[in-house]
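Numbering (the working numbering), first residue to last: -7 to 334.
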């Protein structure tokens, strides 16, 4: 046998062996897929599943655990019925199915299926996750079939519902704003701001005029003079009682009462003297003058405020018209917030 024939035989054997190994590998992979233990499940969606196709994956936290096998309308012709397969080993691994639970058994009551989007391409897949048991789900008008897993609203569905609710609330808010503006306009029209400003100016002038003739020294002198007069009167009462104490036994009880009264008067005078020493007359007068100045500043600010109020009301009405236009746009097309007006 020549060397050329030997080489051809080796090449042929290598090719045949490689093809045989490839066929065996494909057969083994196909057999493992065919014999893989999968769980047939079903769920229902009350929203559009545009972009979800048969063969789309079902994932949990980004890990693929199965695929979609069928998409049809539900018996009530309102919901969308989606069939999918999930690998039993994966369901048990994530705790959705008990270790000793049959593959057709009940899954965790916290498990929900959500329609999710893959990037901005519009391609959708199913996302499985665990939610609180009281999470709202689709209400079925028929008996749930075996293998049913509840679904949860997708992010877009929740946003659409929120926008619809906002569209219902905005007209009510606009009516309230309009009513408030009308009431404010009527109240402002009924107010005589010029008379109020004139009265406040007069009050401020009277208060300032009363304070201009008053000084700390003069006020303190008058108060101390009054206390001195009261002290002199109390001393006179003591002298009178002393002269009457020995003249008549009938006046004994009355003198005792008056003596007690004089004692109380002296104590009150002492307290008044201490209180006068603690009074900051200068600070008190400065505070009163400050109040008068503040009153004048308020009255000076009323005039420009009353003049600018109609302009504020016009701006408020313009704002309400824009809010009303936004509400009308959202009511016609809730998805405008996502894609823009274009």
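The C-beta atom is built at its ideal place from N, Cα and C for all residues, glycine as well.
**Message:** From the DSSP secondary-structure annotation, give me the bridge partner or partners of residue 33.
**Reply:** Position 41 of the chain shown, counted from the start, is the residue given in the question as residue 33. 76, per the DSSP bridge assignment.
**Request:** To the nearest angstrom, report how far apart residue 156 and residue 166 are at their CA atoms.
**Result:** Locating residue 156 in the chain shown gives position 164, counting from the first residue. Locating residue 166 in the chain shown gives position 174, counting from the first residue. Looking at the two C-alpha atoms, the distance is approximately 16 Å.
**Request:** Mind the definition here: the segment 27 to 39 touches the segment 70 to 81 only if three or more C-beta pairs lie below 8 Å; say whether that holds.
**Result:** yes
**Item:** Local Cβ density within 10 Å of residue 13, reported as buried at 16 or more and exposed below that
**Value:** Here residue 13 is taken as the residue at index 21 of the chain shown, counted from 1. By the neighbour-count rule (16 or more Cβ atoms within 10 Å), residue 13 is not buried but exposed.
**Message:** Please report the straight-line C-alpha distance between residue 129 and residue 306, rounded to a whole angstrom.
**Reply:** Locating residue 129 in the chain shown gives position 137, counting from the first residue. Locating residue 306 in the chain shown gives position 314, counting from the first residue. When rounded, the distance between both Cα atoms is 46 Å.
**Item:** Integer Cβ distance of residue 144 from residue 104, believed to fall under 8 Å
**Value:** On the chain shown, position 152 is the one that residue 144 refers to. On the chain shown, position 112 is the one that residue 104 refers to. About 4 Å; that satisfies the 8 Å criterion.
**Request:** Would you list, in sequence order, the uninterrupted beta strand (DSSP E) runs of no fewer than 3 residues that lie entirely inside the segment 78 to 142?
**Result:** 103 to 110 and 115 to 122
**Outcome for residue 48 when other beta-carbon atoms lying within 10 angstroms are tallied against a minimum of 16** = The count along the chain shown starts at 1 and reaches residue 48 at position 56. By the neighbour-count rule (16 or more Cβ atoms within 10 Å), residue 48 is buried.
**Asked** Can you pull the DSSP bridge partners for residue 55?
**Response** For the purposes of this step, residue 55 is taken as the residue at position 63 of the chain shown. In the DSSP output, where bridge partners are listed per residue, residue 55 has 52.
**Request:** Kindly list the residues whose CB is nearer than 7 Å to the CB of residue 82, restricted to its own chain and excluding five residues on each side of it in sequence; keep chain order.
**Result:** For this step, residue 82 is matched to residue 90 along the chain shown. The residues are 57.
**C-alpha gap between residue 107 and residue 116, whole angstroms** = To locate residue 107, count along the chain shown from 1; it is residue 115. To locate residue 116, count along the chain shown from 1; it is residue 124. Spanning the two alpha carbons is a distance of roughly 7 Å.
**Message:** For residue 71, tell me which candidate among 114, 132 and 87 has the shortest Cα-Cα distance.
**Reply:** Taking the first residue of the chain shown as position 1, residue 71 is located at position 79. Comparing Cα positions, the closest option is 132.
**Prompt:** Candidates 66, 126, 121 and 317: which alpha carbon is nearest residue 137's?
**Reply:** For the purposes of this step, residue 137 is taken as the residue at position 145 of the chain shown. Measuring from the Cα of residue 137, the nearest candidate turns out to be 66.
**Request:** Within the same chain, show all residues whose beta-carbon is closer than 7 Å to that of residue 62, passing over the 5 residues directly before and after it, in chain order.
**Result:** Your numbering for residue 62 matches position 70 in the chain shown. 46 and 75, listed in sequence order.
**Request:** Give the DSSP bridge partners of residue 65, in chain order.
**Result:** As a first step, residue 65 must be located in the chain shown, where it is residue number 73. Bridge partners of residue 65: 72.
**Request:** Identify which residue in 89, 111 and 119 has its Cα closest to the Cα of residue 139.
**Result:** Locating residue 139 in the chain shown gives position 147, where the first residue counts as 1. Of the candidates 89, 111 and 119, the one whose C-alpha sits nearest the C-alpha of residue 139 is 89.
**Prompt:** What residues in its chain sit with their C-beta under 8 Å from that of residue 55, if we drop five residues either side in the sequence?
**Reply:** In the chain shown, the residue the question calls residue 55 occupies position 63. Answer for residue 55: 82, listed in chain order.
**Assigned secondary structure, residue 174 (DSSP; H/G/I helix, E/B strand, else coil)** = Mapped onto the chain shown, residue 174 falls at position 182. Of the three classes helix, strand and coil, the one that applies to residue 174 here is helix, per DSSP.
**Asked** Can you pull the DSSP bridge partners for residue 60?
**Response** As a working mapping, residue 60 is identified with position 68 in the chain shown. 76, per the DSSP bridge assignment.
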